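Residue numbers (the numbering used here): 7 to 373.
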C-alpha cells in the first residue's frame, strides 16, 4: 500500500484530493451537503470529488462544495467496474469518505490504493477501510446530516486537520438575485400573484417513504388556507410531482380548486436541477420525507415534513438541514402504528403551518 504522503506520483505538497461517496437516493444525497460544506470550510484548497449515480449528478454539478462529479455505474458488470477502478486510480485520491458503505465501493477504494479510507463501521464492508466510525444510525439518535458531518470531521482528523466551526444554513447558497428572477419567471409562466405567499405541496413519495394520502393533503391544504384567509392572506398553492405522479397532482389541484383554493400544477421542468431551482421560490414546502423536502432544506426554505414513526425513519433521523426556526415535522402519535399516517392530527398541523406562513409573510414585508 502506498504511503499517505504520496499516491501514484502525487507529492506531499499537492492539495488534498478527497473522494466522497453517496450513491443512493436523492434525499440521502442532499443530506450529504452539510458534510461537503464542512470539508470545504476546513480544507478550502482541497479538491472534492463525489461518486454519485446519474440521477443525482445534475444536482451534484450545482453544489458549491463539489469540484468534480464522477458517475457510479452501479452493479452493471465487470467492465464498468474496471473502468471505474481505473478512473479512481488516475485521479490519485488522497482520501475517501464513504457516507453509505457497500462492499463494492469499499473494494474499489481499496483496489484504487486510496491511502485514507473512512466509513461507518457497519457490516462486513468496513473491512475495506482503515478508518471506521461507530455510529449506529438505525437508533435514530441524531439527524442523518449530523451523522454525515461527524464522518467528515473524522476524516479531517484522520488526515491531520482540525475541523473548522461547522457551517450553518443555507447549505445551498444561491447567487444574489437568483430567487427573485426565478419567481418573476414562474409568475409569468403560470400567471401567479407575486404578492401572495407561494406554498409548494409535493404529495408524491417516489416509492421511498410512507406519506400522507392525496385526500389527507387536500384536507391539510384546505385547513391551512382557511386559517390564512381569516388573516387576509390568500396563498397560491403550487403542486409538484415526480415521474408518473402528475395525475395525482392534477386531481389534487382540481379538489382544491373546487373548494375555492388558488392551485396550479408545476409543469415538468427540463431537468432535476431546474426543478430544484424552481423550488427556491417557495415560501414554504410541504412534503413527506422525500427528495424535494431535503432540497428545500438545503436551500434553507421553510419546510413542513410528514414522517412515519419507524425507529430508522423518524422525523429526527431524517430532519431537514434548514434553520430550526424554519422546520416543522409531524408523525403519528406514540399510541398509533408506526406507519399510521392517518393518526396525524391534520388540524394541529394546519395550525402550525399557517403560523409559520404568517411569520414568513411578516418577515418578507419587513425586509
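Each residue gets a CB set at the ideal place from its N, CA and C atoms; glycine is no exception.
Treat the numbers as computed from the prediction; the structure is a model and nothing was measured.
Which residues DSSP lists as bridging residue 122, in chain order = Taking the chain shown and counting its residues from 1, the one referred to as residue 122 is at position 116. For residue 122, DSSP records a beta bridge to 101.
ask   = Which term fits residue 230, buried or exposed, when burial requires 16 or more other beta carbons within 10 angstroms of its beta carbon?
value = For this step, residue 230 is matched to residue 224 along the chain shown. Looking at its Cβ environment, which holds 16 or more other Cβ atoms inside 10 Å, residue 230 is buried.
message = Am I right that residue 95 and residue 118 are in contact with their C-beta atoms under 8 Å? What's the rounded C-beta distance?
response = Working through the chain shown from its first residue, we reach residue 95 at position 89. Working through the chain shown from its first residue, we reach residue 118 at position 112. Contact check for residue 95 and residue 118: beta-carbon distance about 5 Å, within the 8 Å limit, so the pair qualifies.
task = Check whether the Cβ atoms of residue 103 and residue 32 lie closer than 9 Å to each other.
result = On the chain shown, position 97 is the one that residue 103 refers to. On the chain shown, position 26 is the one that residue 32 refers to. No, they are not a contact pair.
key: Through-space distance from residue 191 to residue 323, alpha-carbon basis   = Stepping through the chain shown from its first residue, residue 323 is reached at position 317. Stepping through the chain shown from its first residue, residue 191 is reached at position 185. Residue 323 and residue 191: Cα-Cα distance of roughly 36 Å.
task = Could I get the ranges of all uninterrupted alpha helix (DSSP H) runs contained in the region 254 to 330, with 4 residues as the minimum, in chain order?
result = 278 to 285 and 297 to 304
query = Where does residue 150 sit, in a helix, a strand or coil, going by DSSP?
reply = On the chain shown, residue 150 is found 144 positions in, with the first residue counted as 1. Three-state DSSP puts residue 150 in a helix.
Closest residue to residue 98 among 21, 129 and 58 (Cα-Cα distance) = The sequence position of residue 98 within the chain shown is 92, counting from 1. With distances taken between Cα atoms, residue 98 lies closest to 21.
inquiry  = Just to confirm the assignment, what range does the alpha helix (DSSP H) spanning residue 228 have?
reply    = What you label residue 228 is simply residue 222 of the chain shown in a count that begins at 1. It spans 220 to 236 - the alpha helix (DSSP H) in which residue 228 sits, taken as one unbroken run.
ask   = Would you call residue 171 buried or exposed, if buried means 16 or more other Cβ atoms sit within 10 Å of its Cβ?
value = Counted from its first residue, the chain shown places residue 171 at position 165. With fewer than 16 other Cβ atoms within 10 Å, it is exposed.
request  = Could you spell out where the alpha helix (DSSP H) holding residue 397 opens and where it closes?
outcome  = The chain is shown only over 7 to 373; residue 397 falls outside these bounds and no answer can be derived.
request  = To the nearest angstrom, report how far apart residue 205 and residue 211 are at their CA atoms.
outcome  = Here the question's residue 205 lines up with position 199 in the chain shown. Here the question's residue 211 lines up with position 205 in the chain shown. One C-alpha to the other measures close to 18 Å.
inquiry  = Determine whether the beta carbon atoms of residue 226 and residue 359 lie at a separation below 9 Å.
reply    = Numbered from its first residue, the chain shown carries residue 226 at position 220. Numbered from its first residue, the chain shown carries residue 359 at position 353. It is a contact, given that the beta carbons lie within the stated cut-off.
Cβ neighbours of residue 196 in the same chain (closer than 6 Å, five flanking residues each side left out) = As a first step, residue 196 must be located in the chain shown, where it is residue number 190. Closer than 6 Å at the Cβ level, and outside the excluded window around residue 196, lie 270.
request  = Grab me the residues of residue 35's own chain with a C-beta within less than 6 Å of its C-beta, minus the 5 sequence neighbours each way, in chain order.
outcome  = Mapped onto the chain shown, residue 35 falls at position 29. Correct list, in chain order: 28 and 62.
ask   = Roughly how many angstroms separate the alpha carbons of residue 107 and residue 153, rounded to a whole number?
value = Stepping through the chain shown from its first residue, residue 107 is reached at position 101. Stepping through the chain shown from its first residue, residue 153 is reached at position 147. Those two C-alpha atoms are separated by around 13 Å.
inquiry  = Whether or not the region 257 to 275 and the region 179 to 187 are in contact is what I'm after, with contact meaning three or more pairs of Cβ atoms, one per stretch, closer than 8 Å; do they touch?
reply    = no
ask   = Residue range of the beta strand (DSSP E) that residue 55 falls in?
value = Against the chain shown, residue 55 aligns to sequence position 49. 53 to 58 is the span of the beta strand (DSSP E), which, as asked, contains residue 55.
ask   = Do the CB positions of residue 39 and residue 256 come within less than 9 Å of each other?
value = Walking along the chain shown from the start, residue 39 turns up at place 33. Walking along the chain shown from the start, residue 256 turns up at place 250. Contact: no.
ask   = For the candidate residues 93, 221 and 25, whose alpha-carbon lies nearest to that of residue 352?
value = Sequence index remark: in the chain shown, residue 352 carries index 346 (1-based). Closest option to residue 352, judged by alpha-carbon separation, among 93, 221 and 25: 221.
message = Taking the straight line between their C-alpha atoms, what separation do you get for residue 297 and residue 281?
response = To locate residue 297, count along the chain shown from 1; it is residue 291. To locate residue 281, count along the chain shown from 1; it is residue 275. Cα to Cα, the separation comes out at about 11 Å.
ask   = For residue 320, which residues from the same chain have a beta carbon less than 6 Å from its beta carbon, with the 5 sequence-adjacent residues on both sides left out?
value = Against the chain shown, residue 320 aligns to sequence position 314. Closer than 6 Å at the Cβ level, and outside the excluded window around residue 320, lie 146.
query = In terms of alpha-carbon separation, which member of 347, 306 and 100 lies closest to residue 166?
reply = Translated into positions along the chain shown, residue 166 becomes position 160. Taking residue 166 as reference, the option from 347, 306 and 100 with the minimal CA-CA separation is 100.
inquiry  = I'd like the list of long-range same chain contacts for residue 115, defined as Cβ closer than 6 Å, with 5 residues on each side in sequence excluded.
reply    = By 1-based counting over the chain shown, the position of residue 115 is 109. In the same chain as residue 115, and ignoring 5 residues on each side of it, the C-beta atoms closer than 6 Å to its own belong to 102 and 123, in chain order.
request  = Give the single residue among 69, 247, 263 and 164 whose Cα lies nearest to the Cα of residue 181.
outcome  = The residue labelled residue 181 in the question sits at position 175 within the chain shown. When only C-alpha atoms are compared, the closest one is 69.
key: 8 Å contact criterion, which residue 127 and residue 111 should meet: CB distance rounded   = Locating residue 127 in the chain shown gives position 121, counting from the first residue. Locating residue 111 in the chain shown gives position 105, counting from the first residue. Not quite, the Cβ-Cβ distance comes to about 15 Å (not below 8 Å), so this is no contact.
key: Residue from 366, 253, 177 and 278 with nearest C-alpha to residue 47   = Position 41 of the chain shown, counting from 1, holds the residue named residue 47. With distances taken between Cα atoms, residue 47 lies closest to 177.
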